[in-house]
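Residue numbers (our numbering): 1 to 278. So the structure is just underneath, and the comments pick up after that.
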């Protein structure tokens, strides 16, 4: 995609050199018509394309001097069969309203960088929606899709370059895992903390009963050992989850220490000696 962008920028510079802009003089009667800006079509399944894709598209449009068309397609609400129920029509209206509300925020965000943004909401087949937008709008240079949309779903019979922005779904999944893990850590910390408090309170509030069973002998002699194991497990789990919730974690793998490099031992060169045999 980088080579494609450089090619577009080169064509733009060539056009500016061939047709330099000239200010219209007072005697000039006819003015040239305003040129229709080139556009980038951003396709997404849902109310709006993903935030990462829109940020990339806005920055790219600002760099190239293009406008944007954000196409929101809901493939699940397409008209299949002969009957089109009023409930599906209601769902379409709700989807369109939510998409327009979300698109207004995108339009303001793009306007801050001087990029014009037009939102189009469609329901049905993705390829048909892209083809219809391409017929209605002029000068669409290329298409940007979010992760999960294949080129054959968009392109069809249209001769337009299609680029898919990938790689950000993994970061999203990692962020979601971190959030869910954080909430799970808090729950486990609170649970084991309450269990620890209950165990300590039960022992200290019933010391006579505890000592009575601990000193009976025979099989009761194993009760102190079992109690120590239970307290160690519960209190240790509470401490571990507490430190992990605070962001203090022990390394999972033991990092081997780098071995010191062996230095070659300098060898002494033999020197010739003069000896006299007597």
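Glycine included, each C-beta is placed from N, C-alpha and C at the ideal position. Nothing here was measured: the structure is a model prediction, and the numbers come from that model.
According to DSSP, residue pairing for residue 67 in a beta bridge involves 39.
In the three-state scheme derived from DSSP, where H, G and I count as helix and E and B as strand, residue 113 is classed as coil. In the DSSP assignment, residue 121 is bridged to 72. Just so you know, the alpha carbons of residue 246 and residue 155 end up roughly 49 Å apart. Under DSSP, residue 164 forms a beta bridge with 145.
In the three-state DSSP reduction, residue 248 falls in the coil class, being neither helix nor strand. Residue pairing of residue 140 in beta bridges, as defined by DSSP: 39. Contact annotation: the segment 91-102 touches the segment 118-126, with at least three C-beta pairs closer than 8 Å. For residue 45, the three-state secondary structure derived from DSSP is strand. Remark: C-beta atoms of residue 43 and residue 145 approach each other more closely than 8 Å. DSSP places residue 78 in the coil class of the three-state scheme, outside both helix and strand. Pairing residue 68 with residue 58 gives a Cβ-Cβ distance under 8 Å.
DSSP places residue 59 within a helical segment (H, G or I) once states are collapsed to three.
Going by beta carbons, residue 71 and residue 130 fall inside the 8 Å limit. Looking at the backbone, the Cα of residue 184 and that of residue 233 are separated by about 19 Å. Contact annotation, residue 127 with residue 153: C-beta distance approximately 6 Å; criterion of less than 8 Å satisfied. Under the three-state reduction of DSSP, residue 132 is assigned to helix. In this structure, residue 135 lies away from residue 36, with their beta-carbon atoms at least 8 Å apart. The beta-carbon separation of residue 124 and residue 75, rounded to 7 Å, stays under the 8 Å limit for a contact. According to the DSSP assignment, residue 216 belongs to no alpha helix (DSSP H), since it is labelled neither H nor E. Taking the Cα of residue 191 as reference, the smallest distance to any Cα among 63, 239, 216 is reached at 239. In this structure, residue 106 keeps its C-beta atom at 8 Å or more from the C-beta atom of residue 95. In this model, residue 97 and residue 47 are separated by some 9 Å (Cα to Cα). In the structure shown, residue 273 adopts coil according to DSSP, grouped into three states. About 5 Å separates the CB atoms of residue 115 and residue 62; that is less than 8 Å, so the two are in contact. Residue 187 has its alpha-carbon roughly 17 Å from the corresponding atom of residue 248.
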